[in-house]
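First comes the structure, then the notes that go with it.
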Amino acid sequence: MATTLNPTHPLLSVPFSVDTDFTVLAIHCDKLALILAECDDPALRMAFCGRLAAALTLLRPQLYDPIPPHLMDSLTVEALPARFPAFEPDANTLCDYCQTLAQVLLCRTFPPQLEEQLNWLLSELVEYFAAEINAPRWIRTADGVKFIEEVIA
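With the sequence shown counted from 1, adding 504 to any position gets you the numbering used here.
So, in structure tokens, the structure goes:
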């Protein structure tokens, strides 16, 4: 008898579509990647990975679109953020990621023991990606709203 996957995790039923704002898609991607990295159930991992792939596929075409006016305020701040998004794994983790990717490229597939590292690499990359997408772009100044890059340059 076939086993039917029962989507028991709420992230598997969160609706998103081509009309979902890129900021919302990025947040979904971040949550899905983290839960994927932490999940021990192979069937749920596949479900989370499929959902993440679908959300990234919807997000990709929006990356260079102009930011919709209704999102401008959510990406504008009154003061410079104390921290900007950064991808900063420690040296051991970064080495593990590099070794894992090298093995995947060498083998053109991956052995089961590399899956955990790949899941965490994916999680950290998506976390950084989502943070970049949702990071403020503008700051309100005495001279009006300016791009943050103009102010910190």
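The C-beta atom is built at its ideal place from N, Cα and C for all residues, glycine as well.
None of the values given here were measured: they were computed from a predicted structure.
Output needed for residue i: all residues of its chain with C-beta closer than 7 Å, excluding positions within five of it in sequence on either side, in chain order.
{"i": "Glu636", "result": "Pro589"}
{"i": "Glu582", "result": "Arg644"}
{"i": "Phe614", "result": "Gln607, Val608, Leu622"}
{"i": "Lys535", "result": "Leu515"}
Please return the same chain residues whose Cβ sits closer than 6 Å to the Cβ of residue i, not counting the five positions on each side in sequence.
{"i": "Trp624", "result": "Ala541"}
{"i": "Asp600", "result": "Gln621"}
Tell me whether the beta-carbon of residue i lies closer than 8 Å to the beta-carbon of residue j.
{"i": "Val655", "j": "Thr580", "result": "no"}
{"i": "Phe520", "j": "Ala551", "result": "no"}
Measure how close the beta-carbons of residue i and residue j come, nearest whole angstrom, since I'm counting them as under 8 Å.
{"i": "Leu548", "j": "His513", "result": "7 Å"}
{"i": "Ala634", "j": "Ile571", "result": "Not confirmed; about 16 Å, so no contact."}
Comparing alpha-carbon positions, which option in the options lies nearest residue i?
{"i": "Asp525", "options": "Leu562, Ile652, Gly554", "result": "Leu562"}
{"i": "Cys543", "options": "Glu619, Val630, Phe633, Arg644", "result": "Glu619"}
{"i": "Tyr632", "options": "Val522, Val528, Glu592", "result": "Glu592"}
{"i": "Glu653", "options": "Gln617, Pro585, Leu629", "result": "Pro585"}
{"i": "Arg641", "options": "Thr597, Arg564, Gln566, Leu575", "result": "Leu575"}
{"i": "Arg555", "options": "Ser517, Asp569, Pro546", "result": "Ser517"}
{"i": "Asp569", "options": "Asp523, Pro546, Asp647", "result": "Asp523"}
Is the shortest distance between the beta-carbon of residue i and the beta-carbons of chain C less than 8 Å?
{"i": "Thr561", "result": "Included in the structure is just one protein chain, with no chain C present."}
In this structure, what does DSSP give as the bridge partners for residue i?
{"i": "Gly648", "result": "Thr645"}
{"i": "Val581", "result": "Ile643"}
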